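Residue numbering for the sequence shown follows my numbering, starting at 2 and increasing by one per position. Glycine included, C-beta positions come from ideal geometry on N, C-alpha and C. Since the model is a prediction, treat every value here as computed from it, not as a measurement. To start, the structure under review is shown below, and the notes come after it.
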Amino acid sequence: MADRPTTTDPDAAARKWASVEGLRLGHDSEHRPRPLSADEQQLADATRRRLRQRADRNAA
């Protein structure tokens with residue numbers, strides 16, 4: 002594996018993935034997410050509520 006570049010930055014892979022994922026999702030060149038449509042915002046809110054409820058149940 003000597004031919005593969007190595008990095009001492011532990012967050013480099015996460016940043017690279019986020020930038021690639023951002024481009025795949027159609028974000029602009031600065032990787033800012035586009036505004037959500039009303040339907041997408043409702044889905045995001047519902048998902049956050051479900052995850053929060055699940056976390057609360059698991060913590061109890």
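With a contact defined as Cβ atoms closer than 8 Å, Ala45 and Leu52 miss out at about 11 Å. For Ala56, the enclosing alpha helix (DSSP H) starts and ends at Ala39 to Ala60.
Excluding the 5 residues flanking it on each side, Ala56 has no same chain C-beta neighbour closer than 8 Å.
If you draw a straight line from the Cα of Arg50 to the Cα of Gln42, it comes to about 12 Å.
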